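The structure under discussion appears below in the form of structure tokens.
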DNA sequence: TCTTACAGTTCCAAAAATGAACTGTCAATC
DNA sequence: GATTGACAGTTCATTTTTGGAACTGTAAGA
């Protein structure tokens with residue numbers, strides 16, 4: 008989770024990616040849709056390309072111009088987006104209702120995204136999930152603080 | 008989405024909430040698990056309480072001490088957490104494998120979270136979803152930039 | 001009496017974000 | 001032929017946020 012947050016955990020990156028999912032591809036498109044400073048936008052796009060979330064593809068020579076397209080790694084962020092949108096729809100709407108409806112092409116209906124268990128297909132509830140250390144576990148609860156500090160260092164290096 | 012990001016969109020808030028889901032409740036617990044500065048931790052906890060994601064509950068008098076517990080609104084962030092964890096498990100693991108496994112009590116198996124359509128139950132793919140403006144829509148694509156700038160102002164006010 | 005646990009608060013320095021203007025290439029317009 | 005506008009950035013000064021370290025205050029326990 009900390010590693011994912013290193014990728015998407017700031018005020019703008021998720022909004023940039025939302026624009027990607029809404030088919031924005033070019034610098035000016037992002038900038039005018041979001042009102043982000045050009046400086047930060049350039050920075051964030053570079054970072055996303057470095058991380059393999061976006062691909063930078065030339066669409067004309069001289070002057071060189073590029074489009075930013077989601078890679079598969081980027082497309083895989085879709086569930087995160089939908090989870091965020093859905094929480095906002097549930098807890099942050101004003102009286103007018105949700106700003107955007109989602110239609111599932113397969114069944115033709117407007118839907119909500121639901122998180123289910125890959126094994127039994129039941130909706131997931133926090134209380135029904137227990138965690139235990141996996142092969143890449145960093146240590147016990149007791150060493151979590153230390154690991155957190157190490158992780159921070161390596162984030163800074165990146 | 009912008010509104011949700013106003014709540015969880017910074018480097019620490021999601022990590023704090025992860026600790027909440029892992030049953031951390033107290034100031035020192037968060038601080039030592041995350042290595043966050045005490046200053047920021049206090050700030051973020053206050054903000055989460057204001058936003059109704061956490062509840063601040065006294066557990067002893069003199070000196071007054073409080074615990075931070077997820078509200079229902081906070082518990083509803085679970086799918087976002089799981090989506091983030093799952094993306095990390097898929098795209099950011101090192102050779103050792105995932106740090107944490109999740110077991111679904113209902114079926115007893117280790118699982119991955121899957122995002123499905125509430126209407127037909129099929130897994131969601133970005134390409135199969137089309138969006139259209141809902142009742143709370145803020146305007147056309149053309150006015151999105153303006154709205155973004157307004158939204159920023161109100162975030163600053165908060 | 002001294003130390004430790006706990007939950008913050010205060011203050012200064014460092015890092016990141018913002019705003020506004022500037023650069024450079026080309027196509028289209030006057 | 002000179003000027004303007006679209007596009008994709010870069011530069012730089014100013015503000016805002018973070019980070020780090022030390023400090024406050026209450027109470028229990030050695």
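Chains as they are written, first to last, in my numbering: chain A, 8 to 165; chain B, 8 to 165. A virtual CB, placed ideally from N, CA and C, is assigned to each residue, including glycine. All figures in this text were calculated on a predicted structure; none of them were measured in a lab.
| Asked | Found |
| --- | --- |
| Can you find a CB in chain A that lies within less than 8 Å of the CB of residue 160/B? | no |
| Please tell me whether residue 4/A has its Cβ less than 8 Å away from any Cβ of chain B. | The structure shown has nothing for residue 4/A, since chain A only spans 8 to 165. |
| Run down chain A in chain order and give the residues with a C-beta less than 8 Å from the C-beta of residue 74/B. | Going along chain A, no residue has its Cβ under 8 Å from residue 74/B, so there is no contact; the nearest lies around 17 Å. |
| Using a Cβ cut-off of 7 Å, which residues of the stretch 130 to 143 of chain B contact any Cβ in chain A, in chain order? | 131, 133, 135, 136, 137, 138, 139, 140, 141, 142 and 143 |
| Measuring only between beta-carbons, confirm whether residue 145/A sits less than 8 Å from chain B. | yes |
| Check each residue of the stretch 93 to 111 of chain A: if its Cβ is closer than 8 Å to any Cβ of chain B, include it; give the result in chain order. | 93, 94, 95, 97, 98, 99, 100, 101, 103, 104, 105, 106, 107, 108, 109, 110 and 111 |
| So what's residue 142/A in DSSP terms, helix, strand or just coil? | coil |
| Using a Cβ-Cβ distance under 8 Å, would residue 126/B count as near chain A? | yes |
| Straight-line CA distance for residue 9/B to residue 71/A? | 32 Å |
| Can a CB atom of chain A be found closer than 8 Å to the CB of residue 21/B? | yes |
| Nearest to residue 4/B by alpha carbon, out of 89/A, 30/A and 13/A? | Only positions 8 to 165 of chain B appear in this structure, which leaves residue 4/B out of reach. |
| Tell me, to the nearest whole angstrom, how far the beta carbon of residue 90/B is from that of residue 87/A; I am working on the premise that it is less than 8 Å. | 4 Å |
| Whose C-beta lies closer than 7 Å to the C-beta of residue 126/A among residues of the same chain, with five residues either side of it excluded? | none |
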